[in-house]
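For reference, the structure discussed in these notes is given below.
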Amino acid sequence: MKNYKYNTLFFVLTIAAISLASCSNDDDNLDITANSVIETGTGVAIKNTFQGGVGPAFTDGAEVPIEVFFPDADPTALSATATIEDDVEFPSYLLGLYDVDIDENSINFQMTAQTGDATYGGFFRTIEAGSFDRYYLTFDEPHNVKSFTSSDAAVNLRIDSDNVLVVQIGEGFVFQPGASFSITVSEKEPITPQVLNGETVHVRNTFQGTEITDGIEEKIEDLFGAPAESLEASTTIVEGVEFPSYLLGLYDIDIDGNSIEYTLVAQADDANYGPLFRTIEAGSFDRYYLTFDVDHNVKSFTSSDAAVNLRIDSDNVLVVEIGEGFVFQPGASFTINLE
């Protein structure tokens with residue numbers, strides 16, 4: 003009886019150990035990776051079109067299949083199919099023009115044509131306005147691409163459908179031997195800009211200080227003895243700095259779709275600001291009123307400096323408020339991320 007109990011106990015412990023080991027192996031084998039944006043093993047077809055308004059490949063503004071330019075070429079050299087894997091899917095595609103490499107998270111083009119190329123030598127240039135070189139990628143399984151970033155501003159990605167992506171090369175692309183670019187694709191929804199390029203924005207400044215203004219918010223023109231509104235400014239939101247050396251050389255103010263950045267450019271010996279450099283005291287507020295000609299989409303924000311706040315006064319007015327604890331010194335900077 004004792005041996006039977008021992009054998010039974012041994013059997014139970016053995017089964018338990020095997021079960022635990024099995025669970026451990028199952029955990030080790032769990033696939034915790036995120037879904038690929040483009041699945042390996044997916045079939046893909048590629049074709050090319052060109053639309054030229056001016057330049058050596060003139061099409062009178064119409065988008066035409068590349069076969070129009072190469073009527074005698076082997077059709078398989080102009081349209082091709084492949085399976086997405088680790089290697090380059092379309093080596094020397096389009097009569098030796100590009101290596102096209104597609105993986106789970108990117109689309110990469112590398113120009114392989116050389117300077118003296120018989121087909122393309124006469125076309126090398128910087129692509130002109132109104133011209134578009136398009137590569138249609140059609141997948142036999144739906145992709146998960148929701149957004150993208152491009153290494154070249156002249157290269158865009160159109161998401162035409164769940165199965166079709168279009169690489170679009172346009173104005174400004176340096177179409178020369180050795181050219182390359184990479185498009186990184188993501189399954190994340192694109193970030194909606196909170197402020198749009200092309201909008202007009204107006205800036206004005208006030209200061210409120212316990213000592214300087216006796217606690218009253220005053221226009222900066224009154225403090226400098228300048229004519230009314232003379233230190234205000236307006237501009238259009240673009241890729242560069244909107245207000246360089248704003249306020250008599252105090253700040254560069256850069257506004258883009260999702261952020262507002264300030265960089266203090268005045269120097270230590272600046273005639274206007276040198277004596278004012280310090281850590282801002284309690285009760286003082288340096289405010290920058292930004293008024294947009296159309297409604298912004300800002301609902302909240304984060305600031306890189308705890309002493310800098312953003313007031314959302316209305317659908318078209320934001321107020322950058324610099325307060326107690328801000329180190330008001332040459333080289334100071336901060337970023338407000340708009341959400």
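Position in the sequence shown (first residue = 1) + 2 = the numbering used here. The C-beta atom is built at its ideal place from N, Cα and C for all residues, glycine as well.
So what does residue i bridge to, in DSSP terms?
i: Glu323; result: Arg289 and Asn311
i: Gly174; result: Note: Gly174 sits in no beta bridge, so no partner.
i: Ala84; result: Val46
i: Ala235; result: Val205
i: Tyr137; result: Asn50 and Val169
i: Phe92; result: Val102
To the nearest angstrom, how far is the alpha carbon of residue i from that of residue j?
i: Asp76; j: Asn299; result: 52 Å
i: Pro58; j: Phe125; result: 6 Å
i: Ile262; j: Glu326; result: 20 Å
i: Ser38; j: Phe175; result: 29 Å
i: Ala273; j: Glu220; result: 21 Å
i: His145; j: Val168; result: 13 Å
i: Leu32; j: Lys301; result: Bear in mind that a pLDDT of 37 at Leu32, under 50, signals an unreliable position, so the number given afterwards is only what the model happens to contain. Leu32 and Lys301: Cα-Cα distance of roughly 39 Å.
i: Thr281; j: Asp295; result: 34 Å
i: Leu250; j: Asp224; result: 14 Å
Among the options, whose alpha-carbon lies nearest the alpha-carbon of residue i?
i: Val243; options: Thr85, Tyr264 and Val329; result: Tyr264
i: Ala82; options: Pro73, Asp74 and Phe92; result: Phe92
i: Ile324; options: Glu87, Thr208, Gly57 and Gly132; result: Thr208
i: Ile171; options: Asp317, Gly54 and Val321; result: Gly54
i: Glu106; options: Ser152, Glu189, Tyr248 and Ser163; result: Glu189
i: Leu96; options: Phe72, Thr85 and Arg313; result: Phe72
i: Ala47; options: Ser316, Ala79, Asp62 and Asn158; result: Ala79
i: Thr237; options: Ile214, Asn260 and Gly200; result: Gly200
i: Gly132; options: Asp62, Asn318 and Ala309; result: Asp62
i: Arg127; options: Asp101, Asn158, Val56 and Lys148; result: Val56
i: Glu191; options: Ser163, Lys148 and Gln210; result: Lys148
i: Ile68; options: Asp307, Val90, Thr121 and Gly45; result: Thr121
By the 10 Å Cβ neighbour count, where 16 or more other Cβ atoms means buried, how is residue i classified, buried or exposed?
i: Ser335; result: exposed
i: Lys4; result: For Lys4, the predicted model reports a pLDDT of 41, less than 50, meaning its position is unreliable; a value from the coordinates is still stated below. The residue is exposed, with fewer than 16 neighbouring Cβ atoms inside 10 Å.
i: Asn50; result: buried
i: Asp135; result: buried
i: Asn9; result: The predicted model places Asn9 with a pLDDT of 44, which falls under 50 and marks its position as unreliable, so this point remains unresolved.
i: Asp29; result: Here the model assigns Asp29 a pLDDT of 42, short of 50, so the residue's position is not dependable, and the following value carries that caveat. Classification for Asp29: exposed.
i: Phe141; result: buried
i: Leu340; result: buried
i: Ala268; result: buried
i: Phe52; result: buried
i: Phe245; result: buried
Please check the pair residue i and residue j, which I expect to be a contact at CB under 8 Å, by giving their CB distance rounded to whole angstroms.
i: Ala115; j: Pro179; result: 6 Å
i: Gly98; j: Asp119; result: 7 Å
i: Phe391; j: Thr202; result: Because the chain spans 3 through 341 in this model, residue 391 falls outside it and cannot be assessed.
i: Val166; j: Leu198; result: That pair is no contact at about 27 Å.
i: Ser286; j: Ile338; result: Contact flag wrong, Cβ pair sits at about 19 Å.
i: Tyr291; j: Val205; result: 7 Å
i: Met113; j: Ala155; result: About 17 Å separates the two Cβ atoms, so there is no contact after all.
i: Ala235; j: Tyr248; result: 6 Å
Please confirm whether residue i has its beta-carbon closer than 8 Å to some beta-carbon of chain D.
i: Gln178; result: Of the protein chains in this structure there is only one, and it is not chain D.
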